[in-house]
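Novice: What follows is a structure written as structure tokens; I'll ask about it next.
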Amino acid sequence: MPEAPEGGRMGTPPRSPWALYLAFQRLALQGFGGVLPVAHRELVDRLGWLSPQEFVELLALCQVLPGPNIVNLALMFGDRHFGVRGALAAASGLLTAPLLIVLAVATAYRGVADVPVVTGALRGMGAVAAGLVVSTAVKLWGTLERNPIGRPASVVLAISTWVTVGWLRWPMVWVVLGLGSASTAWAWWRMRRAGLDR
Amino acid sequence: MTAGATMIDSLWAMAGLHGHGLADVLQLALHFMMLSLLAIGGAMTTAPDMQRYLVQDRGWLDADQFTSSIAIAQVAPGPNILFAALMGWTVAGMAGLVATLGGFLLPSSLTTLAVGRYGRSRADALALRAFTAGMVPLTLGLLLSSGWVLTAPTRHEWSTPLLVVGTVVVMVRTRLSPLWMIALGAIVGALFMR
């Protein structure tokens with residue numbers, strides 16, 4: 003039985019930066035409306051480069067860090083295996099082909115942007131895009147049950163964020179620094195009180 | 057004017073700047089660099105501030121162009137961060153694209169690489185867990201703001217609330233691909249939103 007070190011809990015590493023580039027390109031091109039689910043299927047299930055546990059840990063770390071989660075995941079994974087070369091290979095695999103496709107679609111759109119039916123279609127798609135973003139928020143709502151902040155404070159914070167950023171159009175930087183530090187302090191206090199600080 | 061300066065000017069023109077100078081492009085890059093570091097809950101949480109900056113403050117895009125950049129990026133495969141590239145491209149061609157996409161990726165990527173190399177062991181410290189938990193309600197509020205801002209060009213249409221609510225219900229209740237809803241939106245829009 004072929005066994006990886008540590009009882010098979012580790013993935014088998016990619017062979018080269020080029021393999022990284024191709025793998026991330028392949029998963030990016032399958033990702034319509036979100037690449038992360040595809041990333042799990044490709045990196046864990048198909049290629050076996052990461053064990054399920056490793057994937058979850060890597061993703062958790064990338065979600066705390068600023069920037070697009072999937073790009074962070076590609077960078078960190080690539081860097082682990084081939085240093086900066088690997089990071090660049092994975093991230094550019096993720097971005098280059100989709101970027102060219104997006105630009106091609108946008109160019110094609112520009113050619114017909116004056117046609118009312120096309121303008122209307124794109125507006126309808128924009129409304130659906132808004133719905134897609136809101137549905138991410140709704141799914142996130144479900145995770146609040148396990149959040150140490152508690153529902154009442156979460157609701158107040160979420161509404162305050164919406165009012166200031168979405169409605170009053172205050173610059174995001176002040177809202178995130180202000181409400182974000184208040185929220186973090188509150189979470190910290192609640193976790194200590196609940197004895198979650200070990 | 058010297059020949060060198062003229063040549064640089066014409067190079068800028070070739071880059072498709074749409075009348076923007078170097079200073080504009082630098083400001084664009086700087087704003088997206090700042091947003092990069094604020095994007096804790098993903099790229100989409102920064103869309104309201106991109107709209108505030110590009111549409112309201114600068115007037116470099118109109119509300120329709122802004123929302124359609126995000127809609128187009130969602131039809132195409134790949135990470136949704138490409139909507140930022142599309143916005144920069146619409147504002148100032150290739151230079152704008154480099155400013156927004158490069159600006160949005162550089163600070164967060166350097167942070168990620170640094171943390172990946174030197175910061176792994178502290179991943180479950182109390183302060184970090186408190187930060188992670190504390191950012192969730194903000195992310196929620198920011199995503200709702202994004203949804204709200206994206207409806208700016210179509211808010212007066214009767215079909216907009218139907219499409220938004222319908223999409224939310226389908227995405228939360230079923231495992232249908234978002235592409236089906238986008239296609240439905242295109243049909244409804246072509247019929248009723250022109």
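Sequence order for the protein chains is S and U.
Residue numbering for the first sequence follows this note's numbering, beginning at 3 and increasing consecutively.
Residue numbering for the second sequence follows this note's numbering, beginning at 57 and increasing consecutively.
Using N, Cα and C, we set each Cβ at its ideal position, and we do this for glycine too.
The model shown is predicted, which means the values in this text are computed figures rather than measured ones.
By Cβ distance below 6 angstroms, which residues in the same chain neighbour LEU196(U) in space, the five residues on each side in sequence not counted?
Specialist: none
Novice: Check VAL244(U) in the structure and name its three-state DSSP category.
Specialist: Correct three-state label for VAL244(U): helix.
Novice: Does PRO54(S) come out as helix, strand or coil in the three-state DSSP assignment?
Specialist: helix
Novice: Exposed or buried, what is HIS212(U) when buried is set at 16 or more other beta-carbons lying within 10 Å of its beta-carbon?
Specialist: exposed
Novice: In chain order, what residues of the same chain lie with their CB nearer than 7 angstroms to the CB of ALA141(U), ignoring the 5 residues before and after it?
Specialist: LEU153, THR156 and LEU157
Novice: Taking the alpha-carbon of SER124(U) as reference, which of MET174(S), VAL120(S) and LEU146(S) has the nearest alpha-carbon?
Specialist: VAL120(S)
Novice: How big is the Cα-Cα spacing for LEU117(U) and PRO39(S)?
Specialist: If you take the alpha carbons of LEU117(U) and PRO39(S), they lie about 32 angstroms apart.
Novice: Consult DSSP for ASN136(U) and reduce its assignment to one of helix, strand or coil.
Specialist: coil
Novice: With DSSP collapsed to three states, give me the class of PRO68(S).
Specialist: In the structure shown, PRO68(S) sits in coil (DSSP, three-state: anything other than H, G, I, E or B).
Novice: Where does TRP214(U) land, buried or exposed, given buried means 16+ other C-beta within 10 angstroms?
Specialist: exposed
Novice: Could you work out which residues of chain U lie near ARG28(S), taking near to mean beta carbons separated by less than 7 angstroms?
Specialist: Ordered by position in chain U, no residue passes the 7 angstroms Cβ test against ARG28(S), which lies about 11 angstroms from the chain.
Novice: Do we get a CB-CB distance below 8 angstroms when we pair TRP116(U) with the residues of chain S?
Specialist: Not closer than 8 angstroms to any Cβ of chain S, the Cβ of TRP116(U) fails to qualify, so no.
Novice: Alpha carbon to alpha carbon, how far is ALA21(S) from ALA184(S)? Give it in angstroms, no decimals.
Specialist: 44 angstroms
Novice: What is the rounded straight-line gap between the Cα of GLY123(S) and the Cα of PRO15(S)?
Specialist: The question names Gly, but residue 123(S) is Ala in the sequence shown. Each residue's alpha carbon lies about 45 angstroms from the other.
Novice: Would you list, in sequence order, the uninterrupted beta strand (DSSP E) runs of no fewer than 3 residues that lie entirely inside the stretch 70-122 of chain S?
Specialist: none
Novice: Identify the contact partners of MET78(S) in chain U, using a Cβ-Cβ distance below 7 angstroms as the criterion.
Specialist: THR168 and GLY172
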